[in-house]
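Some notes on the structure that comes next.
Residue numbers (the numbering used here): 47 to 359.
This is the structure:
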């Protein structure tokens, strides 16, 4: 049984990742943390709790921790609004109440608690900025001994980022740009890191054919929710294309065979017009970088998990 703690930043791809993670066999999902990066944190946390209510398993007693982390550079407002719409989908609200509790502690403290209290080691899956982990490390550096591996959706090693902001050089990815110092803190920690950056996620775009595929499978309850979710994101993100960034990261954490990866030595730039840039350097720390995606296996895993989800009410 693989222990997993999931920290995400609340956009559609994150919420779909949570839904799929709940269906994975042999996974002990120990906790969920939500940061208001590519979302607004309150509706993102609320939607997470409702997804667990609707599609979670009885053997997964979960709470959802809300982060109080703040950005160095905030995501564009219009990208973040999807969380409000997702949280208001009728399928998530027909009961009129939420059973899955909100965690008592903020997400970085909840992460420490879950790591320390869970027997054995835990895999961290993070599909947003690394701020909560960096804050957790500052408070309790011993958590590194409890982390089996970090799977992070963030960064790029080819200097072709997706940030188009004033006074920036465009070489960084948004999750790294949100808090460059946090990335550096994690890079300097004794943690095994698998980085799912733009090199690989750019291979999984959200296309009209994919939307149609989900529409044809709407008889499955989770597929219908997924289709509605991705209908919220049109051609305004990442240079007019939305990608399945976070789903790729989440599936890779359980099914490593769907990707090819290589070890590179890398570092992080924290200041200047390239703040947030992750780059290869001979003197850097080793990171396992995902380079290629087996698309057939990726979509097969996606469909199998989504179709297997059954409603709890």
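Glycine included, each C-beta is placed from N, C-alpha and C at the ideal position.
- Around residue 111, the same chain offers 79, 149, 153 and 156 as residues with beta carbons nearer than 6 Å, after the five sequence neighbours per side are excluded.
- Ranked by how close their Cα comes to the Cα of residue 120, the residues 328, 322 and 358 have 322 in first place.
- Following the DSSP letters along the chain, one finds residue 229 inside the alpha helix (DSSP H) bounded by residues 226-233.
- Of the other Cβ atoms in all chains shown, 16 or more fall within 10 Å of the Cβ of residue 180; this residue is therefore buried.
- Within the same chain, 69, 101 and 268 come within 6 Å of residue 355 by CB-CB distance, once the 5 residues on both sides are set aside.
- In this structure, the beta-carbon distance from residue 77 to residue 160 falls below 8 Å.
- Between the alpha carbons of residue 141 and residue 93 lies a distance of about 14 Å.
- If you compare the alpha carbons of 228, 243, 288 and 229 with that of residue 206, the shortest gap goes to 243.
- A distance of 8 Å or more separates the beta carbons of residue 115 and residue 57.
- Below 8 Å, enough C-beta pairs join the region 230-247 and the region 310-326 to call them touching: three or more.
- Where residue 124 is concerned, the enclosing alpha helix (DSSP H) starts and stops at 123-126.
- When 192, 177 and 66 are compared, the shortest CA-CA separation from residue 350 is found for 66.
- Of the other Cβ atoms in all chains shown, fewer than 16 fall within 10 Å of the Cβ of residue 359; this residue is therefore exposed.
- In the DSSP annotation of this structure, the continuous segment of the alpha helix (DSSP H) that includes residue 347 starts and ends at 341-354.
- Fewer than three pairs of CB atoms, one per stretch, sit closer than 8 Å, so the region 169-187 makes no contact with the region 125-139.
- Of the residues 84, 266 and 95, the one whose Cα lies closest to the Cα of residue 352 is 266.
- Per DSSP, reduced to three states, the secondary structure at residue 315 is coil, with no helix or strand assignment.
- Taking C-beta atoms as the reference points, residue 55 and residue 291 fail to come closer than 8 Å.
- Counting of Cβ neighbours within 10 angstroms places residue 84 among the buried residues, the total reaching 16 or more.
- Taking a C-beta distance under 8 Å as the contact criterion, residue 199 and residue 173 qualify as a contact pair.
- Pairing residue 295 with residue 335 gives a Cβ-Cβ distance that is not under 8 Å.
- When DSSP assignments are scanned along the region 179-231, the uninterrupted stretches of alpha helix (DSSP H) that are 4 or more residues long and fall wholly within it turn out to be 220-224.
- Here residue 229 is not near residue 169, since their CB atoms are 8 Å or more apart.
- Nearest to residue 302 by alpha-carbon distance, out of 270, 250, 139 and 343, is 343.
- Look at residue 90 here: in three-state DSSP terms it is helix.
- Distances from the alpha-carbon of residue 223 to those of 235, 237 and 201 put 201 closest.
- Shown here, residue 168 sits in a strand according to DSSP, grouped into three states.
- Restricted to the region 237-290, the alpha helix (DSSP H) segments that are unbroken, complete and at least 4 residues in length are 244-247, 254-262 and 267-276, listed in chain order.
- Setting aside the 5 residues that flank it on each side, residue 320 is surrounded in the same chain by 215 and 217, each with a C-beta closer than 6 Å to its C-beta; the list follows chain order.
- If you look at residue 62, you'll find it isn't in any beta strand (DSSP E); it sits in the alpha helix (DSSP H) that goes 58-69.
- DSSP, reduced to helix, strand and coil, places residue 302 within a helical segment of the structure shown.
- Following the DSSP letters along the chain, one finds residue 54 inside the beta strand (DSSP E) bounded by residues 48-54.
- Burial of residue 98 is indicated by the presence of at least 16 other C-beta atoms within 10 angstroms of its C-beta.
- Annotated as proximal: residue 289 and residue 251, with beta-carbon spacing under 8 Å.
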